[in-house]
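Below: one structure, written as structure tokens.
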């Protein structure tokens with residue numbers, strides 16, 4: 001690169017074939033034209049800023065550079081508190097890394113601030129992973145994270161994840177296998193986008209209208225495991241309706257869909273009047289602190305109850321316990337009794353407990 005820089009003849013330098021490792025085989029440094037700054041490009045998409053630094057004799061063997069905090073591949077020429085971050089790179093292999101400067105206070109988290117669309121290269125990696133799953137006779141099971149506030153979904157145990165309904169799983173998996181960037185699903189009267197991220201088997205479920213999001217993941221599992229996860233809810237509905245046929249007629253007055261047909265959706269009961277609705281359907285009313293949509297009764301949205309209509313006996317069950325974590329309602333397989341509250345404009349999911 002130094003030779004090309006001084007000769008001023010080569011506009012681009014390919015880093016392939018230099019024995020630097022596989023990651024460099026697809027990289028090109030483009031010096032640009034007059035007045036342009038150099039950048040590093042990746043074949044198939046992706047780029048990073050490049051800078052040339054000069055050190056005078058006697059200068060400390062290190063380089064200080066400021067980068068944009070949320071997108072570290074952008075180099076900033078101007079320091080902006082809360083936006084840029086100083087990085088120190090040691091050029092002395094005999095010494096340890098230079099001490100980092102005192103950390104700046106992180107800015108408030110932004111809606112979808114960490115989401116990154118897949119590059120063409122990452123879409124190819126996704127397709128290759130799907131082909132490998134097919135060879136191993138594994139299928140995709142999509143799950144959403146019960147903990148809406150977590151920033152580290154990879155550290156959560158299996159009890160923090162719940163499977164989507166069969167229909168939603170099919171819609172999401174079809175879009176994923178087709179190389180789409182997202183899948184659009186409807187739950188009650190709410191519309192969500194499931195955004196696929198990078199080449200990983202993860203993403204985010206997003207309600208942009210109400211600015212709510214949670215992590216989702218795809219697990220490659222044997223067909224039997226997927227079918228067992230998706231059919232458990234249907235079996236519970238069949239058992240409950242057989243014991244109490246009236247359950248088949250009960251419906252959410254907001255979306256006009258029966259609870260039996262939408263068994264994967266949590267149902268909430270308002271304590272003041274006893275009316276029940278899909279949690280997803282009343283989320284907006286809860287955010288705006290409105291009255292009951294059926295009888296106009298005043299409602300304390302901070303404390304509503306979740307009812308499990310298809311938990312295996314003939315009675316609608318109302319379950320209470322202390323709250324645990326936030327839940328922006330989605331399709332959920334229900335097998336345990338739970339209670340919810342509304343806190344800070346979002347429906348709050350509570351710790352399951354055995355009976």
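Numbering (UniProt numbering), first residue to last: 1 to 355. Note that CB positions come from ideal geometry on N, CA and C, so glycine has one too.
Distance between residue j and residue i (C-alpha atoms, nearest Å)
i, j, result
"residue 330", "residue 164", "Residue confidence is low: residue 330 scores 36 on pLDDT, short of 50, so the model does not pin down where it sits. Its coordinate-derived value is still stated next. So the alpha carbons of these two residues sit roughly 8 angstroms apart."
"residue 172", "residue 47", "29 angstroms"
"residue 287", "residue 278", "15 angstroms"
"residue 158", "residue 61", "48 angstroms"
"residue 298", "residue 283", "16 angstroms"
"residue 133", "residue 126", "11 angstroms"
"residue 148", "residue 211", "12 angstroms"
"residue 2", "residue 50", "13 angstroms"
"residue 328", "residue 68", "Residue confidence for residue 328 is low, a pLDDT of 39 falling below 50, so the modelled location carries little weight; the figure read from the coordinates is stated next. Distance between the alpha carbons of residue 328 and residue 68 is about 31 angstroms."
"residue 17", "residue 220", "36 angstroms"
"residue 236", "residue 269", "20 angstroms"
"residue 167", "residue 143", "13 angstroms"
"residue 196", "residue 285", "29 angstroms"
"residue 73", "residue 87", "12 angstroms"
"residue 151", "residue 160", "13 angstroms"
"residue 248", "residue 238", "9 angstroms"
"residue 231", "residue 263", "11 angstroms"
"residue 266", "residue 306", "7 angstroms"
"residue 24", "residue 45", "14 angstroms"
"residue 169", "residue 301", "30 angstroms"
"residue 92", "residue 200", "36 angstroms"
"residue 253", "residue 136", "45 angstroms"
"residue 175", "residue 121", "18 angstroms"
"residue 443", "residue 7", "Lying outside 1 to 355, the shown extent of the chain, residue 443 is not represented and no answer is given."
"residue 36", "residue 290", "56 angstroms"
"residue 124", "residue 242", "48 angstroms"
Presumed contact (8 angstroms Cβ cut-off) between residue i and residue j, rounded CB distance
i, j, result
"residue 226", "residue 141", "5 angstroms"
"residue 66", "residue 76", "5 angstroms"
"residue 145", "residue 214", "5 angstroms"
"residue 43", "residue 139", "The pair is not a contact, with the Cβ atoms about 32 angstroms apart (cut-off 8 angstroms)."
"residue 208", "residue 193", "7 angstroms"
Proximal residues to residue i (C-beta, below 6 angstroms), its chain only, five neighbours per side dropped
i, result
"residue 63", "53 and 89"
"residue 28", "12, 14 and 41"
"residue 255", "188, 189 and 281"
"residue 258", "251"
"residue 180", "none"
"residue 202", "217"
"residue 153", "145 and 215"
"residue 356", "There is no way to answer for residue 356, as the model of the chain reaches only from 1 to 355."
"residue 119", "45 and 46"
"residue 26", "42 and 43"
"residue 183", "171, 172, 175 and 194"
"residue 261", "none"
Per-residue burial, residue i [other beta carbons within 10 Å of its own, 16 or more giving buried]
i, result
"residue 271", "exposed"
"residue 81", "exposed"
"residue 245", "exposed"
"residue 78", "exposed"
"residue 34", "exposed"
"residue 308", "buried"
"residue 417", "What is shown of the chain runs 1 to 355, which leaves residue 417 out entirely."
"residue 304", "buried"
"residue 84", "buried"
"residue 162", "buried"
Neighbourhood of residue i by C-beta, 8 angstroms cutoff - its chain only, sequence neighbours within 5 removed
i, result
"residue 20", "none"
"residue 31", "4, 5, 10, 11, 12, 13 and 38"
"residue 315", "Confidence is the limiting factor: at residue 315 the pLDDT is only 39, short of 50, which leaves the residue's position unreliable and the question unanswerable from this model."
"residue 273", "292, 294, 295, 297 and 299"
"residue 204", "112, 115, 194, 195, 197, 213, 214, 215 and 216"
Per DSSP, the bridge partner or partners of residue i
i, result
"residue 183", "194"
"residue 205", "194 and 214"
"residue 144", "162 and 216"
"residue 65", "87"
"residue 305", "269"
"residue 360", "Only positions 1 to 355 of the chain appear in this structure, which leaves residue 360 out of reach."
"residue 287", "Answer is none; residue 287 lacks a bridge partner."
"residue 151", "Answer is none; residue 151 lacks a bridge partner."
"residue 250", "For residue 250, which the question treats as bridged, DSSP gives no partner whatsoever."
"residue 278", "267"
"residue 222", "138"
"residue 41", "28 and 47"
"residue 13", "29"
"residue 258", "251"
Own chain, CB closer than 7 angstroms to residue i, minus 5 neighbours either side, in chain order
i, result
"residue 130", "177"
"residue 228", "none"
"residue 116", "197 and 198"
"residue 206", "112, 192, 193, 195 and 213"
"residue 128", "none"
Beta carbon proximity, residue i to chain B, threshold 8 angstroms
i, result
"residue 57", "Absent from the structure: chain B. Only one protein chain is present."
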